[in-house]
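Asker: Each residue of the sequence shown is one higher than the last, beginning at 41 in my numbering. Virtual Cβ for every residue (Gly too), placed ideally from N, Cα, C. Note that this is a predicted model, so its numbers are computed, not measured. What follows is a single structure, and I will ask about it in a moment.
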Amino acid sequence: MRRLIIFFFTITISGSIFIHGQSRGINRDKYRINISQTTDNITIDGLLDEEVWATAEKVDRLRRVLPTDTGYAIAQTEVKLTYTPSTLYMGIVCLDPTSGKRPVESLRRDFNFMKNDNFIVFIDTYNDQTNGFAFGISPAGAQWDGVQADGGTVNLNWDIKWLSAVKSYDDRWVAEFAIPFRSMRYHGGAPEWGINFSRQDLKTNEKSSWAPMPRQFATATLAYTGSLVWDKPLPSSGMRFSLIPYLSLKATQDNLNNEDIKPKPSAGIDAKVMLATSLNLDLTFNPDYSQVEVDRQQTNLDRFELFFPEKRQFYLENSDLFASLGSETVRPFFSRRIGLDNPVMAGARLSGKLGNNWRIGLMDIQTVRKDTINAANYMVATIQRRILGNSNISAFFINKQVIDAGDDSLLTDNIFNRIGGIEYNLYSSDNRWTGKAFYHQQFHEGAGFDDAVIAANIKYSSQYITAILNQSIVGAGYLAETGYVRRTGYYEINPTFQYKFFPHESSVANHGPGLKLDMFFDPESSFSLTDRETQFLYSIEWMNRNSLSVDVKETFIRLRAPFDPTNTGGPKLLLNKKFYWNEVGTTFMSDNRKLFNVILTGRYGGYYNGTRLTLNGELNYRVQPYGSLALVTTYNNISLPEPYNSARLLLIGPKLDFTFTDKLFFTSFIQYNNQIDNLNINLRFQWRFAPVSDLFIVYTENSFPADYRIKNRGLVIKLSYWFN
């Protein structure tokens, strides 16, 4: 087994190092658009009646990406660009050859890409095919913006100041953008930027892009951008800053502890300081996160902790420097650990580029003591160097230090938690090969390999084949208090293979088989097998966007700790007990272009020493462009022999998302979860009265479902304003 592990690690790590390409993008030399400075006073109204729009160079032949990546799009798009010393301007004409209403889900910012007609520009300001910015619009005028990392992944929780307007006609819709240079980060003096334009037209069922994109990749993939050629290089800017103060009033009541209503006024401030066009300093004092959207609950049938994503603005810009450390299940740093149980007092965050090849990230956050939760200081530092074309190597150090332990003498030997590591990230020039290899070490007296993680993975993506090999060894003593580590003390190997057929002149867009194998071994028990999951699946996607997948799964588990399979507090299955079972499943997704669409999943089979039926449903209906109604339901019927608990677990969550205008929003989210005997109500009103400046009114309530007796509730009124 040890020789087999060494063999697989050698393949993945050596493959990651030797598979690389040139740093210049695939389409940079062939797809080029020139941009010239203007002195026109451009009004953002969607009319494109300024003189500069008649003379600016035009892009007007976008190529189809989906459902096939051959030929030109039926619904064509014209794009022109110009700029002033402070602002990048864009004029877009989206031709509409198909009659009928243009599909739009709502007027909400950062709309669902797949459910809306849209135009998006992806900008590689650093020319590294890895990091960038995305700005988009729907025909109803809803904005879509995000920061890009890891070759093109877009984080939509990031918001920034920019202006847009849309005008609609029978045969086209016209958009106009004004994006301040201060809203982006870039290298001063660069003669070109990477850029690509993406259009989705749901009536013709096609997605298109200016610079050609293989259909296995998202149009956000920065390896395939064309070039935006400046008439003269943009200069570096001097120091600039923005202030974002807030005022809030919060009233809470904890009925379980017989507490009266507690009103609490609060104030704080965030600041964004541009030290250079590619380097940013974020500061926060007494931050408040009460307006952040509530998490969607999950039925917890897992032996391990569930993961919920970070949504707080302060942690998002250049977040890949911190959040991308490790892997999905072994994250040494997870920002949601900070301020979860006790409030943040202040924080600072320096991130960005140093020259063409170096990136840096420094973060320091201080929390205060609350009840029995100790005050602590959280520090993370990372530095990244671009190598071998688009790939990079990085090193990091994380320190959690207890500052105020009160009278807790038990913490004298556990006053800090420190982890350092080195990582290599592979991105080939055509993005077909991606991968990662890393080593993390926890630091304390007597620390060794048992307090470390070593992992490697490699992925190949082509039009027909997707092949992945993941593997990792996580020591039993590895503890990342500021991270998310799903489990410890194992060696895992996880190969995945999928093949797709693309039939010609058929109602089927693609279909094909897939195979997934995931195995865990115990290093402390002669690498004996503890978990194995083997899944064979077959998927079909039709030209009308319906899709269906069916699968058969075989599972083996040897419990390394006692476990209640229902997580309802019943008797637990015993340590080292072995279980084998099989199950079948199917998932159907209907055409999301329709006003009413569904996602339905069903699974049935064995479950430990019993059986389980799982039914998941997501029903969506939109009243365009004013909003949508969604109903998400999960039902588990678990049958186990006596004396173990059987259970019928229901999680149901109706959500009403209503957009009165593109600046006035209301969301109602109700979640009933009988596993935790709770009914949660979250009502959220938002008025965006100025760019990235908001008034929020949020009401949250938790109660017992049987008699609607309130456990706790809270009301927050929060006002924030962005000063440049």
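Would you please state the rounded distance, in angstroms, between the beta carbons of Pro665 and Ser146? I believe it to be under 8 Å.
Answerer: Your numbering for residue 665 matches position 625 in the sequence shown. Your numbering for residue 146 matches position 106 in the sequence shown. Right, their Cβ atoms sit about 6 Å apart.
Asker: Which partner residues does His551 have in the DSSP bridge list?
Answerer: Residue numbering aside, residue 551 sits at position 511 when the sequence shown is read from its first letter. Note: His551 sits in a beta bridge opposite Phe541, Ile580.
Asker: Using 6 Å as the cut-off, classify the Cβ of His544 as near or not near the heavy atoms of the ligand FMN, replying yes or no.
Answerer: Annotation note on the ligand FMN: not contained in the displayed structure, which lists no ligands.
Asker: Considering just the uninterrupted stretch of the alpha helix (DSSP H) at Trp93, what are its terminal residues?
Answerer: Sequence index remark: in the sequence shown, residue 93 carries index 53 (1-based). 92 to 95 is the extent of the alpha helix (DSSP H) around Trp93.
Asker: When DSSP labels each residue in this structure, what does Lys155 get in the three-state scheme?
Answerer: Start at 1 with the first residue of the sequence shown, and residue 155 comes out as number 115. Three-state result, Lys155: helix.
Asker: Report the three-state DSSP secondary structure of Phe347 (helix, strand or coil).
Answerer: By 1-based counting over the sequence shown, the position of residue 347 is 307. Reduced to three states, the DSSP call for Phe347 is coil.
Asker: Under 8 Å, with one C-beta from each stretch per pair, do the region 251 to 268 and the region 179 to 199 reach the 3-pair mark?
Answerer: Flag = yes, the region 251 to 268 and the region 179 to 199 touch.
Asker: Could you check what DSSP says for Tyr209 in three-state terms: helix, strand or coil?
Answerer: Position 169 of the sequence shown, counted from the start, is the residue given in the question as residue 209. Coil, per DSSP.
Asker: Would you kindly work out how many angstroms separate the C-alpha atoms of Phe175 and Leu283, rounded to a whole number?
Answerer: For the purposes of this step, residue 175 is taken as the residue at position 135 of the sequence shown. For the purposes of this step, residue 283 is taken as the residue at position 243 of the sequence shown. Here the C-alpha atom of Phe175 lies approximately 23 Å from the C-alpha atom of Leu283.
Asker: Can you check DSSP and say which residues form a bridge with Met130?
Answerer: The residue you call residue 130 lines up with position 90 of the sequence shown. Met130 is bridged by DSSP to Leu121, Phe217.
Asker: Assign Glu690 to one of three DSSP states: helix, strand, or coil.
Answerer: For the purposes of this step, residue 690 is taken as the residue at position 650 of the sequence shown. The question names Glu, but residue 690 in the sequence shown is Leu. Leu690 falls in the strand class under three-state DSSP.
Asker: Give the straight-line distance between the Cα atoms of Phe151 and Pro305, rounded to the nearest whole angstrom.
Answerer: Translated into the one-based positions of the sequence shown, residue 151 becomes position 111. Translated into the one-based positions of the sequence shown, residue 305 becomes position 265. Rounded to whole angstroms, Phe151 to Pro305 spans 33 Å at the Cα level.
Asker: With the cut-off set at 7 Å, would you say Ile235 and Gly186 are in Cβ contact?
Answerer: For the purposes of this step, residue 235 is taken as residue 195 along the sequence shown, with counting starting at 1. For the purposes of this step, residue 186 is taken as residue 146 along the sequence shown, with counting starting at 1. No, the pair does not count as a contact, with Cβ atoms beyond the cut-off.
Asker: Does DSSP classify Arg68 as helix, strand or coil?
Answerer: Stepping through the sequence shown from its first residue, residue 68 is reached at position 28. Arg68 falls in the coil class under three-state DSSP.
Asker: List the residues that DSSP assigns as beta-bridge partners of Arg643.
Answerer: Within the sequence shown, numbered from 1, the residue matching residue 643 stands at position 603. Looking at the DSSP assignment, Arg643 forms a beta bridge with Gly625, Thr654.
Asker: Can a CB atom of chain B be found closer than 7 Å to the CB of Ala730?
Answerer: The structure shown contains no chain B, having only a single protein chain.
Asker: Any idea if His227 is buried or exposed, counting beta-carbon neighbours within 10 angstroms, 16 or more meaning buried?
Answerer: Here residue 227 is taken as the residue at index 187 of the sequence shown, counted from 1. It counts as buried.
Asker: Can you tell which of Ser276, Leu346, Leu356, Pro563 has the C-alpha that lies nearest to the C-alpha of Thr317?
Answerer: Reading the sequence shown from its first residue, position 277 is the one you call residue 317. Residue Ser276 is the option with its Cα nearest to Thr317.
Asker: Within 10 angstroms of the Cβ of Leu361, are there 16 or more other Cβ atoms? Answer buried if so, exposed if not.
Answerer: If you number the sequence shown from 1, residue 361 lands on position 321. Buried, since its Cβ has 16 or more Cβ neighbours within 10 Å.
Asker: I'd like to know if the region 239 to 255 and the region 89 to 107 are in contact, where contact means that at least 3 CB-CB pairs between them fall below 8 Å.
Answerer: yes
Asker: Identify whether Gln353 lies in helix, strand or coil by the three-state DSSP scheme.
Answerer: For the purposes of this step, residue 353 is taken as the residue at position 313 of the sequence shown. DSSP places Gln353 in helix when its eight states are reduced to three.
Asker: With a threshold of 8 Å on Cβ separation, who are the neighbours of Lys410 within its own chain once the five nearest residues in sequence on each side are excluded?
Answerer: Here residue 410 refers to the residue found at position 370 when the sequence shown is read from its first residue. Asp381, Asn382, Pro383, listed in sequence order.
Asker: Using DSSP's beta-bridge definition, name the partner residues of Trp233.
Answerer: The residue you call residue 233 lines up with position 193 of the sequence shown. Bridge partners of Trp233: Leu268.
Asker: Tell me whether Ser501 sits in a helix, a strand or coil according to DSSP, three-state version.
Answerer: Against the sequence shown, residue 501 aligns to sequence position 461. Of the three classes helix, strand and coil, the one that applies to Ser501 here is strand, per DSSP.
Asker: Quick check: what's the CA-CA separation for Asp717 versus Glu333?
Answerer: Sequence index remark: in the sequence shown, residue 717 carries index 677 (1-based). Sequence index remark: in the sequence shown, residue 333 carries index 293 (1-based). Those two C-alpha atoms are separated by around 22 Å.
Asker: Give the single residue among Tyr464, Pro125, Ala549 whose Cα lies nearest to the Cα of Asp271.
Answerer: The residue labelled residue 271 in the question sits at position 231 within the sequence shown. The residue with the shortest Cα to Cα distance from Asp271 is Pro125.
Asker: Residues in its own chain within less than 6 Å of Ala415 by CB, not counting five upstream and five downstream?
Answerer: Translated into the one-based positions of the sequence shown, residue 415 becomes position 375. Closer than 6 Å at Cβ, skipping near neighbours: Thr407, Val408, Arg409, Ile443, Asp444.
Asker: CA-CA distance, Glu545 and Arg142?
Answerer: Translated into the one-based positions of the sequence shown, residue 545 becomes position 505. Translated into the one-based positions of the sequence shown, residue 142 becomes position 102. When rounded, the distance between both Cα atoms is 26 Å.
Asker: Kindly indicate the opening and closing residues of the beta strand (DSSP E) around Phe489.
Answerer: Residue numbering aside, residue 489 sits at position 449 when the sequence shown is read from its first letter. Phe489 -> no beta strand (DSSP E), and no H or E assigned at all.
Asker: Less than 8 Å between C-beta atoms, sequence neighbours within five positions excluded: which residues of the same chain meet that for Pro231?
Answerer: Position 191 of the sequence shown, counted from the start, is the residue given in the question as residue 231. Here the set comprises Val269, Trp270, Pro273.
Asker: What would DSSP say about Asn534, mapped onto helix, strand or coil?
Answerer: Taking the sequence shown and counting its residues from 1, one reaches residue 534 at position 494. Looking at Asn534 - three-state DSSP - the assignment turns out to be strand.
Asker: Less than 8 Å between the CB atoms is what I'm expecting for Ala218 and Trp202, so what's the real figure, rounded?
Answerer: Here residue 218 is taken as the residue at index 178 of the sequence shown, counted from 1. Here residue 202 is taken as the residue at index 162 of the sequence shown, counted from 1. Confirmed, Cβ separation roughly 6 Å.
Asker: Do the CB positions of Gln481 and Gly515 come within less than 7 Å of each other?
Answerer: For the purposes of this step, residue 481 is taken as residue 441 along the sequence shown, with counting starting at 1. For the purposes of this step, residue 515 is taken as residue 475 along the sequence shown, with counting starting at 1. No, the pair does not count as a contact, with Cβ atoms beyond the cut-off.
Asker: Could you pull the start and end residues of the alpha helix (DSSP H) that Ala258 belongs to?
Answerer: Along the sequence shown, one-based indexing puts residue 258 at 218. Counting along the chain, Ala258 falls outside any alpha helix (DSSP H), and DSSP gives it neither H nor E.
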